[in-house]
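Q: This is the structure, below, for whatever I ask next.
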Amino acid sequence: GGDYYDLLALQRGRWGIAIGDVSGKGISAALIMASLQASLKFQALQQHLRLSTLIGDVNRLVYESSPTNIFATLFYAEYEPAKRLLHYVN
Numbered sequence: 087g088g089d090y091y092d093l094l095a096l097q098r099g100r101w102g103i104a105i106g107d108v109s110g111k112g113i114s115a116a117l118i119m120a121s122l123q124a125s126l127k128f129q130a131l132q133q134h135l136r137l138s139t140l141i142g143d144v145n146r147l148v149y150e151s152s153p154t155n156i157f158a159t160l161f162y163a164e165y166e167p168a169k170r171l172l173h174y175v176n
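If you want the numbering used here, it's the position in the sequence shown, counting the first as 1, plus 86.
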């Protein structure tokens, strides 16, 4: 259904970590989550200076393709092993 978790290999040795959930069940929730997953993967591979910009772009893309009665929650983090830093947005 609408549950999502992912580990993304990003540029410069970074890793993206995503955990999300869509309200509702069934095909509509699964389709919204598929849209969120595709949008996140595409945006995460772009050059964003801030995670807030990345998630703002993902939010806009998913919102434009979603019915008004469905929403999603998402935790997204980027880990930089070389610097041992974790940046996140919820």
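Just so it is clear, CB atoms sit at the ideal spot from N, CA and C, and this is done for glycine as well.
Using the Cα positions of residue 141 and residue 113, report the straight-line distance between them to the nearest angstrom.
A: Locating residue 141 in the sequence shown gives position 55, where the first residue counts as 1. Locating residue 113 in the sequence shown gives position 27, where the first residue counts as 1. In a straight line, the C-alpha of residue 141 is about 24 Å away from that of residue 113.
Q: Take every Cβ of the stretch 96-105, pair it with every Cβ of the stretch 159-168, and state whether three or more of those distances are shorter than 8 Å.
A: yes
Q: Residues in the same chain with beta-carbon distance under 8 Å from residue 96, minus the five sequence neighbours each way, listed in chain order, please.
A: Position 10 of the sequence shown, counting from 1, holds the residue named residue 96. Annotation for residue 96: 102, 130, 131, 164 place their beta carbon closer than 8 Å to its own, counting only its chain and skipping 5 residues before and after.
Q: Is the CB-CB distance between residue 175 and residue 147 below 7 Å?
A: On the sequence shown, residue 175 is found 89 positions in, with the first residue counted as 1. On the sequence shown, residue 147 is found 61 positions in, with the first residue counted as 1. Against a cut-off of 7 Å, the Cβ pair of residue 147 and residue 175 comes out as no contact.
Q: Return helix, strand or coil for residue 139, following the three-state DSSP convention.
A: On the sequence shown, position 53 is the one that residue 139 refers to. In this structure, residue 139 counts as helix in the three-state DSSP scheme.
Q: Nearest to residue 117 by alpha carbon, out of 153, 173, 93, 171?
A: Within the sequence shown, residue 117 is the residue found at index 31, counting from 1. Of the listed residues, the one whose Cα sits closest to residue 117 is 153.
Q: Would you say residue 121 and residue 156 are within 7 Å of each other, going by their C-beta atoms?
A: Looking up residue 121 in the sequence shown gives position 35. Looking up residue 156 in the sequence shown gives position 70. Not closer than 7 Å, so no.
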